[in-house]
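Start counting the sequence shown at 31; every next residue gets the next number (our numbering).
Where is the CB? At the ideal position from N, CA and C, for every residue including glycine.
Structure first, then comments.
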Amino acid sequence: MNDTKTTATEENQNKVSISIEVQYATMCSDTPDKNKIINWAKHAITQNKNNRELTIRIVDEEEIQELNKRWRGIDESTNVLSFPAGDNEIAPDYLGDIAICAPVIISEAKAQNKKPDAHWAHMVIHGVLHLLGYDHTEDEDANIMESHEINILRTLSFSNPYE
Numbered sequence: 031m032n033d034t035k036t037t038a039t040e041e042n043q044n045k046v047s048i049s050i051e052v053q054y055a056t057m058c059s060d061t062p063d064k065n066k067i068i069n070w071a072k073h074a075i076t077q078n079k080n081n082r083e084l085t086i087r088i089v090d091e092e093e094i095q096e097l098n099k100r101w102r103g104i105d106e107s108t109n110v111l112s113f114p115a116g117d118n119e120i121a122p123d124y125l126g127d128i129a130i131c132a133p134v135i136i137s138e139a140k141a142q143n144k145k146p147d148a149h150w151a152h153m154v155i156h157g158v159l160h161l162l163g164y165d166h167t168e169d170e171d172a173n174i175m176e177s178h179e180i181n182i183l184r185t186l187s188f189s190n191p192y193e
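Here's what the structure looks like:
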C-alpha cells in the first residue's frame, strides 16, 4: 500500500490560508498527482474568505466500503465520501476529511466515457463542496450544488459532467 502524505499551505493576497493534506492509501497507480488534487480543491474553496484546512485521502475499495458501511449504513463501495468537521472550537478552520476511491473513480470514468482527470476533478470538487455545507438530497439543493460544480470545473477548463 502506498500511504504517503503531502500538505500544501498557501496564503493569497487577502492573507487567507488554505492547507490541504493529501494522503495516498491505495495500491492503484492511476491516480492524479498531489498538485492536481490540491489545485482542484483550492478552486472549490476560493469563494470562501476564511482560513481553511482539509484532508483528502485517496483509498481503495475496501477502505471506502468500510467507511460507507460505518457512517452511512451502506455496505458497498462508492466514489467519494465527505466528513465535515462541523463546529470545532479546537480547530475552527478545519473543514473535514474527504475519502476518494481510486478504483471506483477510474471505473466510472471509463464507463461514462469521461477523461480521468475530469472525473477526478469533479469528485474532488464535489467532496469539498460537501465540506462547505452543500448537499444534494433535495432537488433544489442538488441543482445549486451541481451549478457550483459546473462553474468551478469550467474555470479549470473541464466540461459539464452532467451532460
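Next item on the list: Inspect the beta-carbon positions of PRO62 and ASP90 and report whether they are closer than 8 Å.
Entry: Taking the first residue of the sequence shown as position 1, residue 62 is located at position 32. Taking the first residue of the sequence shown as position 1, residue 90 is located at position 60. No, Cβ-Cβ distance for PRO62 and ASP90 is not below 8 Å.
Check: Between ASP117 and ASN80, which are expected to be in contact by the criterion C-beta below 8 Å, what is the C-beta distance as a whole number of angstroms?
Finding: Numbered from its first residue, the sequence shown carries residue 117 at position 87. Numbered from its first residue, the sequence shown carries residue 80 at position 50. At roughly 13 Å, the Cβ-Cβ gap does not stay under 8 Å, so ASP117 and ASN80 are not in contact.
Margin query: What does the Cβ neighbour count give for ASN109, buried or exposed, with the cut at 16 atoms within 10 Å?
Written below: Counting from 1 along the sequence shown, the entry for residue 109 is found at position 79. So ASN109 counts as buried.
Check: Are the CB atoms of LEU186 and ALA151 nearer to each other than 8 Å?
Finding: Position 156 of the sequence shown, counting from 1, holds the residue named residue 186. Position 121 of the sequence shown, counting from 1, holds the residue named residue 151. Yes, these two residues count as a Cβ contact at 8 Å.
Notebook entry, point to check: Hey, how far is the Cα of GLU96 from the Cα of SER107?
Noted result: For the purposes of this step, residue 96 is taken as the residue at position 66 of the sequence shown. For the purposes of this step, residue 107 is taken as the residue at position 77 of the sequence shown. Their Cα atoms are separated by approximately 8 Å.
Note to self: Can you list, in chain order, the residues of its chain with a C-beta nearer than 6 Å to that of PRO191? Leave out the 5 residues immediately preceding and following it.
What the structure shows: Reading the sequence shown from its first residue, position 161 is the one you call residue 191. So the list reads HIS152, once near-sequence residues are dropped.
Notebook entry, point to check: How should TRP70 be labelled, buried or exposed, when 16 other C-beta atoms within 10 angstroms of its C-beta is the threshold for buried?
Noted result: Walking along the sequence shown from the start, residue 70 turns up at place 40. With 16 or more other Cβ atoms within 10 Å, it is buried.
Next item on the list: Taking 8 Å as the threshold, find out whether the region 168–183 comes into contact with the region 50–61 through three or more Cβ pairs.
Entry: no
Item checked: GLN142 burial status per 10 Å Cβ neighbour count (16 or more: buried) -> If you number the sequence shown from 1, residue 142 lands on position 112. Its Cβ having fewer than 16 others within 10 Å, GLN142 is exposed.
Note to self: Please classify THR85 as buried or exposed, where buried requires at least 16 other C-beta atoms within 10 Å of its C-beta.
What the structure shows: Locating residue 85 in the sequence shown gives position 55, where the first residue counts as 1. Result: buried.
Check: Looking at ARG82 and ASP88, is the spacing between their C-beta atoms short of 8 Å?
Finding: Counted from its first residue, the sequence shown places residue 88 at position 58. Counted from its first residue, the sequence shown places residue 82 at position 52. The residue asked about is misnamed: residue 88 is Ile in this sequence, not Asp. No; because the gap between Cβ atoms is not below 8 Å, this pair is not in contact.
Notebook entry, point to check: Shortest alpha-carbon distance to ALA115 belongs to which of GLU168, PRO146 and GLY157?
Noted result: Numbered from its first residue, the sequence shown carries residue 115 at position 85. Among GLU168, PRO146 and GLY157, the Cα nearest to that of ALA115 is on GLY157.
Margin query: Could you pull the DSSP bridge partners for TYR164 from this structure?
Written below: Here residue 164 corresponds to residue number 134 of the sequence shown, with the count starting at 1. Note: TYR164 sits in no beta bridge, so no partner.
Next item on the list: Can you give me the Cβ contacts of ILE180 inside the same chain, cut-off strictly under 8 Å, excluding the 5 residues immediately before and after it?
Entry: As a working note, residue 180 is residue 150 in the sequence shown. Cβ within range, chain order: ASN190, PRO191 and TYR192.
Checklist line | Closest residue to ILE136 among ASP127, ASP147 and ALA129 (Cα-Cα distance) | finding: Your numbering for residue 136 matches position 106 in the sequence shown. Closest by alpha carbon: ASP147.
Next item on the list: Alpha carbon to alpha carbon, how far is HIS73 from ILE104? Give it in angstroms, no decimals.
Entry: Counting from one through the sequence shown, the residue named residue 104 turns up at place 74. Counting from one through the sequence shown, the residue named residue 73 turns up at place 43. Whole-angstrom Cα-Cα distance: 30 Å.
Margin query: Output needed for LEU183: all residues of its chain with C-beta closer than 8 Å, excluding positions within five of it in sequence on either side, in chain order.
Written below: Here residue 183 refers to the residue found at position 153 when the sequence shown is read from its first residue. Cβ neighbours of LEU183 beyond the five flanking positions: ALA148, ALA151, HIS152, ILE155, SER189, ASN190 and PRO191.
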